[in-house]
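Q: Whatever position you read off the sequence shown (first residue = 1), add 8 for this note's numbering. Built from N, CA and C at the ideal position, the CB exists for glycine as well.
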Amino acid sequence: MSDPNETYGEMWQDLGMNLRAHCALLGAIPVMYQNAYLSQQNRPEGMSYFDFVVSEIHGLRIKELVDHKAAGGKVVGTFCLYVPEEIIRALGAIDVGLCAGAEWGYNEVEKVLPRNTCALIKSFVGFKMDRVCPYVESADLVIGETTCDGKKKAYEIFGEMASVYVMELPQMKRPEDFNLWRSEIDRLVAQLEELTGRKLTLENLKAATREVNGKRRALHRLNAARRATPAPISGKDALLASQVAFYDDVPRFTQMVDKIADELEARVAAGEGVAPANAPRVLVTGSPMAIPNWKLHDVIEKSGAVVVADEMCTGSRYYDTLTPEDADTLEGMLDGIAKKYLGINCACFTPNEGRMEDVVRMAQESGAQGIVHYALQFCAPYQIEAHGVEKAAKAAGLPVLRIDTDYSAEDIGQLQTHVEAFVEMLSE
Ligand code: SF4
Ligand code: SF4
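1. Check for me: the alpha helix (DSSP H) holding Glu271 runs from which residue to which?
2. Buried or exposed for Met364, going by 16 or more other Cβ atoms inside 10 Å?
3. Can you tell me where the alpha helix (DSSP H) holding Gly24 begins and where it ends?
4. If we ignore side chains and look at the alpha-carbon of each, how far apart do Met169 and His30 end up?
5. Does at least one heavy atom of ligand 1 sit under 7 Å from the Cβ of Leu89?
6. Rank Glu14, Gln199 and Leu272 by C-alpha distance to the C-alpha of Ala226 and give the top, closest one.
7. I need the straight-line Cα distance from Pro1 to Phe186, nearest angstrom please.
8. Hey, out of Met320, Gly134 and Glu93, whose CA is closest to Asn115's CA?
9. Which two residues bound the contiguous alpha helix (DSSP H) that contains Met55?
10. Near Gly458, what residues of its chain come up, given a Cβ to Cβ distance below 6 Å and the 5 sequence neighbours on each side ignored?
11. By Cβ distance, which residues of its chain are closer than 6 Å to Val150, with the 5 residues on each side in sequence left out?
12. Can you have a look at Asp157 and say buried or exposed, based on whether 16 or more other CB atoms are within 10 angstroms of its CB?
13. Examine ligand 2 and report whether any of its heavy atoms sits within less than 7 Å of the Cβ of Leu384.
14. Given a threshold of 16 other Cβ atoms within 10 Å of its Cβ, counted over all protein chains shown, does Met433 qualify as buried or as exposed?
15. Taking DSSP as the reference, what is the three-state secondary structure of Gly205?
16. DSSP three-state call for His381: helix, strand or coil?
17. With a threshold of 8 Å, are at least 3 pairs of Cβ atoms found where one atom belongs to the segment 318 to 330 and the other to the segment 211 to 230?
18. From Tyr16 to Phe261, what distance separates their C-alpha atoms?
19. Figure out for me which residue from Ala429, Thr293, Ala232 and Val368 has the closest Cα to the Cα of Lys402.
20. Taking the Cβ atom as the reference point for each residue, do Met341 and Leu213 lie within a distance shorter than 8 Å?
21. Within the same chain, show all residues whose beta-carbon is closer than 6 Å to that of Phe357, passing over the 5 residues directly before and after it, in chain order.
22. With distances taken Cα to Cα, identify the nearest neighbour of Ala101 among Glu201, Val316 and Gly67.
23. Out of Leu121, Ser131, Val427 and Ala78, which one is the CA nearest neighbour of Val311?
24. Below 8 Å, can you find three or more Cβ-Cβ pairs linking the segment 46 to 54 to the segment 88 to 99?
25. Is Thr155 near ligand 2 - that is, is its Cβ less than 7 Å away from at least one heavy atom of it?
26. Does DSSP put Arg289 in a helix, a strand or coil?
27. DSSP beta-bridge partners for Ala429?
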């Protein structure tokens, strides 16, 4: 394989990246990927697409973004599911998810953020401070949102280093909150029209909505196949597909995921799986797992269980509901977008009963025998909401294991002990 620094070094330099630090970051991924992914047996053949995508994580896709910018297009970075990607795409821009899943630059980060900030926030600030992420460096505009307090305040610091626009997301779902959110969608449209120099129309918004819904449908198909026994795909591989959905080219991604879904449906029909039919089945719910955060799924599956569903932003919250495509006015389309996005059940909302219902429903649909609740340390919304999830799950007869962790490898031994005991209990 050619040296990525030789192939892409000039491009990274032009993006203003810190090449030495970036080299260290990029160098760590193949080892992690080998341990977590390539060591798996009997993976669907279609996953070779994702092996390629990960091997080119800062290469080919970045080249596509750079070419798009050279042709006059814009790149918009986002950190949260609530930012409607249909609108960004309709205006000819490319949206990329910037959530960071690897510990980076904490020494510098902890000079500006408290130590007890969640790993996701510390990492995205660290990536920017050290200039190691070509997605961040390609973005013409970064869109934040008022979800948790940590992100909200971190965007102020991020804004000292990049162009940031923040959407105000309400924290309840009453009619007056919907009105506020609907007006925020209008503000976003105006901001993006100014950035791109284009006008949002019924036609371009419908076309973009169809494309993004196509991606969600493909992910839905892939994940529906996981309900079968034996599971035709590992939870780790399904997680990777959800993670890549945030930055890959939309039509290409949809085509590739549909191809994997075809393969999985054939496996289900033939009774083939990646784990034995009697492997304990678990659902994972909680904070998002940005790429390359594969730690918990890896520990669970190496303990002999299989993850059959993910109630997370890197999971069902991303693809479960579609944006209505059939309104006949631009206003009607934007109303549908506002409604669809406000329907997402993030722990930043109160009350958030919808998430408890989703967790129990998904566990039942997927045949999960237990639930692993995952929260990043210092993520108050998910750590505190674990109580409600546990209560709802127990009422439905589902045992829960609560895991609070971060991106480091330091607690892996401890995680293994807890997960193995839980898996053993499920298999009794
Ligand atoms: S967990 Fe909540 S704040 Fe975080 S990305 Fe998901 S929707 Fe956004
Ligand atoms: S993981 Fe929790 S604390 Fe961290 S950004 Fe998301 S909601 Fe905020």
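A: Taking the coordinates as given:
1. Val258 to Ala278 is the span of the alpha helix (DSSP H), which, as asked, contains Glu271.
2. Buried, by the Cβ-count rule.
3. Per DSSP, Gly24 belongs to no alpha helix (DSSP H) and is neither H nor E.
4. So the two alpha carbons sit approximately 18 Å from each other.
5. At least one heavy atom of ligand 1 falls within 7 Å of the beta-carbon of Leu89.
6. Of Glu14, Gln199 and Leu272, the smallest CA-CA separation from Ala226 is found for Leu272.
7. Outside the modelled stretch of the chain, which goes from 9 to 436, sits residue 1, for which no answer is possible.
8. Comparing Cα-Cα distances from Asn115 to each of Met320, Gly134 and Glu93, the minimum goes to Gly134.
9. Careful: Met55 lies outside any alpha helix (DSSP H) and carries neither H nor E.
10. There is no way to answer for residue 458, as the model of the chain reaches only from 9 to 436.
11. Cβ within range, chain order: Gly85, Ala170 and Val172.
12. Label assigned to Asp157: exposed.
13. Yes, ligand 2 has a heavy atom inside 7 Å of this Cβ.
14. Per the 10 Å Cβ criterion, exposed.
15. Looking at Gly205 - three-state DSSP - the assignment turns out to be coil, as it is neither helix nor strand.
16. It is a strand residue.
17. Under the Cβ criterion (8 Å, minimum of three pairs), the segment 318 to 330 counts as touching the segment 211 to 230.
18. When rounded, the distance between both Cα atoms is 23 Å.
19. Distance from the Cα of Lys402 is smallest, within the candidate group Ala429, Thr293, Ala232 and Val368, for Val368.
20. Yes, the pair counts as a contact, with Cβ atoms nearer than the cut-off.
21. Answer for Phe357: Gln179, listed in chain order.
22. Among Glu201, Val316 and Gly67, the Cα nearest to that of Ala101 is on Glu201.
23. Reading the sequence as shown, one finds Ser at residue 311 and not Val. When only C-alpha atoms are compared, the closest one is Val427.
24. Short answer: they don't touch.
25. Because some heavy atom of ligand 2 lies under 7 Å away, the Cβ of Thr155 counts as near it: yes.
26. In the three-state reduction of the DSSP assignment, Arg289 falls in the strand class, which pools E and B.
27. DSSP, once it has assigned bridges, lists no residue as partnering Ala429.
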